[in-house]
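Q: Quick one: the structure is below, and I'll ask about it shortly.
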Amino acid sequence: MYDSFAALIFDMDGTLVDSGQLHEIAWIETLNQYSIPIDRALMRSLAGVPTLGTIEILLQKFQVRTAAPVAEIHRFKQKRVQDKVASLVRPTALLDIVRRYHGEKPMAVGTGAQTAEALHILELCGLDQYIQTVVGADQVANPKPAPDTFLRCAELLGTPPQDCVVFEDAKLGMQAAVSAGMTVVDVQAELQIHNDYFL
């Protein structure tokens, strides 16, 4: 089905990895800890935005004045994720596509997560053996919805952007893929992979 593309690039959370409940639970604990309102529709719309950026958006939107620096809130949320990750992540149905093209086409993950966290999650899910490179938000100047993450993936895979197909579940991620000049597959609409995240 994807034979015409030279390389495959996957978003991680909600796309290649079923991690919606992991991040929802971690966010709820974090927002409650720092008295930040929980707006489920807003949180879902921010899927794909790195944690640091999400915190900044929430603090500004709700005019929350907290004594805690953004970096502390970020660390708190990351710690909640680390504590729960092993029991709350698993591969999605995209694993079949990954296995189908393993050894035939180079594959990368382009994610809004930090690279170290992404590598750990991929390893827990047994996906690390299939993926040549992982580009996290910490590797680019402008994370999603900017195209930098996916352009960096293509560069590391040695493949022109127009020859890459990106699998995404989030609107901001799809925007990033289109801006990068890549073909994008909406995994929810086309492959019925749904992210159970702040529904």
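Residue numbers (the working numbering): 37 to 235.
C-beta atoms are modelled at their ideal positions from N, C-alpha and C, and glycine is treated no differently.
Bear in mind that the values here come from a model prediction, so they are computed numbers and not experimental data.
1) Expressed to the nearest angstrom, what Euclidean distance is found between the alpha-carbon atoms of ILE61 and ASP119?
2) For ASN231 and GLY89, which I take to be in contact (beta-carbon distance under 8 Å), what is that distance rounded to the nearest angstrom?
3) Looking at PHE203 and PHE46, is the spacing between their C-beta atoms short of 8 Å?
4) Considering only the alpha carbon of each residue, which of VAL171, LYS180, ALA190 and LEU124 lies closest to LEU160?
5) Which whole runs of the beta strand (DSSP E) in the segment 128-208 are 3 residues long or more, in chain order?
6) Taking C-beta to C-beta, are THR169 and LEU208 nearer than 8 Å?
7) Using a threshold of 8 Å, state whether the C-beta atoms of LEU163 and LEU82 are closer than that.
8) Alpha carbon to alpha carbon, what distance is there between ARG136 and LEU155?
9) Can you name, in chain order, every residue of its own chain whose Cβ lies under 6 Å from the Cβ of PRO142, other than the five neighbours on each side?
10) Helix, strand or coil for ASP54 per DSSP?
11) Pick helix, strand or coil for ARG101, following the three-state DSSP scheme.
12) List the residues that DSSP assigns as beta-bridge partners of ARG126.
13) Which residue comes first and which comes last in the beta strand (DSSP E) that contains VAL220?
14) Going straight from the alpha carbon of ALA107 to that of PHE234, what length do you get?
15) By Cβ distance below 7 Å, which residues in the same chain neighbour ILE74 in space, the five residues on each side in sequence not counted?
A: In this structure, then:
1) Looking up residue 61 in the sequence shown gives position 25. Looking up residue 119 in the sequence shown gives position 83. Between ILE61 and ASP119, the C-alpha separation is close to 11 Å.
2) Here residue 231 is taken as the residue at index 195 of the sequence shown, counted from 1. Here residue 89 is taken as the residue at index 53 of the sequence shown, counted from 1. Going by Cβ atoms, the distance from ASN231 to GLY89 rounds to 18 Å, so no, they are not a contact pair.
3) On the sequence shown, residue 46 is found 10 positions in, with the first residue counted as 1. On the sequence shown, residue 203 is found 167 positions in, with the first residue counted as 1. Yes, Cβ-Cβ distance for PHE46 and PHE203 is below 8 Å.
4) Within the sequence shown, the letter at position 124 stands for residue 160. Looking only at VAL171, LYS180, ALA190 and LEU124, the smallest Cα-Cα distance to LEU160 is reached by LEU124.
5) For the segment 128-208, whole beta strand (DSSP E) runs of length 3 or above, ordered along the chain, are 143-146, 169-171 and 200-204.
6) Counting from one through the sequence shown, the residue named residue 169 turns up at place 133. Counting from one through the sequence shown, the residue named residue 208 turns up at place 172. No.
7) Walking along the sequence shown from the start, residue 163 turns up at place 127. Walking along the sequence shown from the start, residue 82 turns up at place 46. At the C-beta level, LEU163 and LEU82 stay beyond 8 Å of one another.
8) Translated into positions along the sequence shown, residue 155 becomes position 119. Translated into positions along the sequence shown, residue 136 becomes position 100. The straight-line gap from Cα to Cα measures roughly 21 Å.
9) Within the sequence shown, numbered from 1, the residue matching residue 142 stands at position 106. Within the same chain, PRO142 has close Cβ partners ALA43, GLN168 and LEU193.
10) Reading the sequence shown from its first residue, position 18 is the one you call residue 54. It is a strand residue.
11) For the purposes of this step, residue 101 is identified with residue 65 of the sequence shown, where counting begins at 1. Three-state DSSP puts ARG101 in coil, outside helix and strand.
12) On the sequence shown, residue 126 is found 90 positions in, with the first residue counted as 1. Beta-bridge pairing links ARG126 to ASP54.
13) Locating residue 220 in the sequence shown gives position 184, where the first residue counts as 1. Taken as a continuous stretch (DSSP letters only), the beta strand (DSSP E) holding VAL220 covers 219-222.
14) Residue numbering aside, residue 107 sits at position 71 when the sequence shown is read from its first letter. Residue numbering aside, residue 234 sits at position 198 when the sequence shown is read from its first letter. Computed Cα separation, rounded: 23 Å.
15) Counting from 1 along the sequence shown, the entry for residue 74 is found at position 38. ILE64 and LEU67.
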